[in-house]
Amino acid sequence: MDFIALDFETASPKRHSACSLALTVVRNDQVIDEMYSLIKPATEFSPNNIRIHGITPQDVANSPTFPQLWPHISSFLGPQKLIVAHNASFDVSVLRKTLGFYKLPVPNFMVLDTLKTSRQLLNDLPNYQLNTVCDFLSISLKHHHNALADSRACAQILISEAQQYGTEVLKPLIRAY
Numbered sequence: 001m002d003f004i005a006l007d008f009e010t011a012s013p014k015r016h017s018a019c020s021l022a023l024t025v026v027r028n029d030q031v032i033d034e035m036y037s038l039i040k041p042a043t044e045f046s047p048n049n050i051r052i053h054g055i056t057p058q059d060v061a062n063s064p065t066f067p068q069l070w071p072h073i074s075s076f077l078g079p080q081k082l083i084v085a086h087n088a089s090f091d092v093s094v095l096r097k098t099l100g101f102y103k104l105p106v107p108n109f110m111v112l113d114t115l116k117t118s119r120q121l122l123n124d125l126p127n128y129q130l131n132t133v134c135d136f137l138s139i140s141l142k143h144h145h146n147a148l149a150d151s152r153a154c155a156q157i158l159i160s161e162a163q164q165y166g167t168e169v170l171k172p173l174i175r176a177y
């Protein structure tokens, strides 16, 4: 499969508060490229979000803003691109809300959610959180809520599911965005 796994972390509950982003590029079921960046958000950090991912205002003080990163990020997206995320409704909404906040164009792309694929394909897990699915599939996830670690894990989940169950069972779960 060819796809790009995407993961965001946010500074606050506001979906336009992206403070880190990672992309993991997969071609023919192999990771061929990765991109990670901290992002200086236009909002304040909430203590709860800092507790979850450990990113502080000091960490992003000299980081690019989302509009500064967008030209590079947008080169990964496009009408024929498949974007994969674990709980894609969150990550796609962060992308959409951040683009809207900065008045940047929203690209068209396809989306596949490994939370949904895992619920459909993997039976009897206590939950389908990223770390639980990784444990079940023996995928290393050393730094949960680090965007790069999470995007890598998401990529490995989809690769594993495609290899075990075939791509035909995944195709009906792909949505246009």
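Start counting the sequence shown at 1; every next residue gets the next number (full-length UniProt numbering). Where is the CB? At the ideal position from N, CA and C, for every residue including glycine. Just so it is clear, the structure is predicted and the values come from calculations on it, not from any experiment.
Where residue i falls, given that 16 or more other Cβ within 10 Å makes a residue buried
i, result
"Ser20", "buried"
"Glu9", "buried"
"Pro79", "exposed"
"Asp7", "buried"
"Glu161", "buried"
"Asp150", "buried"
"Thr24", "buried"
Bridge partners - residue i, DSSP secondary structure assignment
i, result
"Asp33", "Val25"
"Val111", "Ile83 and Arg175"
"Ala5", "Thr24 and Val84"
"Leu38", "Ser20"
"Thr10", "Ala18"
Cβ-based neighbour list, residue i, same chain, cut-off 6 angstroms, excluding 5 preceding and 5 following
i, result
"Asn123", "none"
"Lys40", "Val60, Ser63 and Thr65"
"His53", "Glu9 and His145"
"Ile139", "Ala153 and Gln156"
"Tyr36", "Ala22 and Leu148"
Neighbourhood of residue i by C-beta, 8 angstroms cutoff - its chain only, sequence neighbours within 5 removed
i, result
"Glu34", "Ala22, Leu23, Thr24, Val25, Leu148, Ser151 and Arg152"
Contacting residues, own chain, Cβ-Cβ under 7 angstroms from residue i (five flanking each side not counted)
i, result
"Pro107", "Ser74, Leu77 and Gly78"
Residue i: CB within 6 angstroms of a non-hydrogen atom of the ligand COA
i, result
"Gln30", "As presented, the structure is devoid of all ligands, the ligand COA included, so that no description of it is given."
Within the stretch 100-163, ranges of the beta strand (DSSP E) (whole runs, at least 3 residues): For the stretch 100-163, whole beta strand (DSSP E) runs of length 3 or above, ordered along the chain, are 110-113.
Stretch-stretch touch, CB-based, cutoff 8 angstroms, three pairs: the stretch 80-87 with the stretch 31-45: no
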